[in-house]
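If you read the sequence shown in the working numbering, its first letter stands for residue 1, the second for the next number, and so on.
First the structure, in the form of structure tokens, and then the observations on it.
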Amino acid sequence: MISDIEQKKLQKLARLSFSNDEAKILSDKLGNILGMINQIHEVECENIEPLRSVSEIYQRMRPDIVDVPDLSEDLFKNVPSSQADLAREIKCFVVPKVVE
Numbered sequence: 001m002i003s004d005i006e007q008k009k010l011q012k013l014a015r016l017s018f019s020n021d022e023a024k025i026l027s028d029k030l031g032n033i034l035g036m037i038n039q040i041h042e043v044e045c046e047n048i049e050p051l052r053s054v055s056e057i058y059q060r061m062r063p064d065i066v067d068v069p070d071l072s073e074d075l076f077k078n079v080p081s082s083q084a085d086l087a088r089e090i091k092c093f094v095v096p097k098v099v100e
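If you want it as structure tokens, here you go:
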């Protein structure tokens with residue numbers, strides 16, 4: 001159970017206001033929540049390892065090998081000849097400026 005002083009402090013911090021009836025209900029609910037938290041503190045968990053996953057399935061990992069060849073020469077085949085050398089050198093497309 002939460003005291004009236006604690007409840008008023010919580011209302012001020014949360015910038016909430018309740019009528020006396022609502023405050024009583026809120027106090028009872030918060031008291032129940034604090035009781036549940038106290039029950040959790042009573043659980044023995046000294047030698048328990050942290051849970052990494054809810055399933056015990058081993059995730060197979062594939063090797064990180066690049067299997068796609070370098071396609072840059074194929075990509076730059078359609079670049080106009082005046083800009084082809086620059087496009088191949090910096091490996092990007094040069095396009096005209098478009099302003100809407």
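Every residue gets a Cβ at the ideal spot worked out from N, C-alpha and C, and that includes glycine.
Just so it is clear, the structure is predicted and the values come from calculations on it, not from any experiment.
_Collapsed DSSP secondary structure at Q59 in the structure displayed_ = Assignment of Q59 by DSSP, reduced to helix, strand and coil, places it in the coil class.
_Give the list of continuous alpha helix (DSSP H) stretches no shorter than 4 residues that lie fully inside the stretch 75-99._
Runs of the alpha helix (DSSP H) lying entirely within the stretch 75-99, each at least 4 residues long, are 81-90 in chain order.
_Three-state secondary structure assigned by DSSP to S27_ = Helix at S27.
_Closer than 8 Å is the cut-off here; do at least three beta carbon pairs connect the stretch 1-12 with the stretch 25-33?_
The stretch 1-12 makes contact with the stretch 25-33; the number of CB pairs closer than 8 Å reaches 3 or more.
*C-alpha gap between C92 and V98, whole angstroms*: When only Cα atoms are considered, C92 and V98 end up about 17 Å apart.
*Three-state secondary structure assigned by DSSP to S19*: Three-state result, S19: coil.
*asked:* Considering just the uninterrupted stretch of the alpha helix (DSSP H) at E6, what are its terminal residues?
replied: For E6, the enclosing alpha helix (DSSP H) stretches over residues 4-14.
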